[in-house]
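Enquirer: Quick one: this structure, given as structure tokens, is what I'll be asking you about.
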Amino acid sequence: RYELDMASGVGVSGCFIGGDIGDLRAVIDKDQNVVGCSDPRFDERYVPQAQEFEGVGYRPH
């Protein structure tokens, strides 16, 4: 479990943020980010398997 507690959301863009408390202070721009996303369903290499995450984030080589 984690909580994202940012004093400012300036500069945050292109992020997928989920969890019970995804944006504690409600400072992240929801037009530039996905807040409240579904479970990415990571595999053993931490590559998301959920269709909504296709092409999103780091992919190990």
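Counting in this note's numbering, the sequence shown runs from 44 upward without gaps.
Glycine included, each C-beta is placed from N, C-alpha and C at the ideal position.
Note that this is a predicted model, so its numbers are computed, not measured.
What number of angstroms, rounded off, separates the C-alpha of E97 from the C-alpha of N76?
Expert: 16 Å
Enquirer: Output the distance between the C-alpha atoms of D86 and D63, rounded to the nearest integer angstrom.
Expert: 21 Å
Enquirer: Just the C-alpha distance for D72 and Q94, rounded to the nearest angstrom, thanks.
Expert: 23 Å
Enquirer: Spatial neighbours of R68 within its chain, please: C-beta separation below 6 Å, excluding the five flanking residues on both sides.
Expert: Counting only Cβ-Cβ distances below 6 Å, and skipping sequence neighbours, we find nothing.
Enquirer: Going along the chain, which residues of its own chain have a beta-carbon closer than 7 Å to the beta-carbon of V78, five neighbours each way excluded?
Expert: I60, G65, D66 and I71
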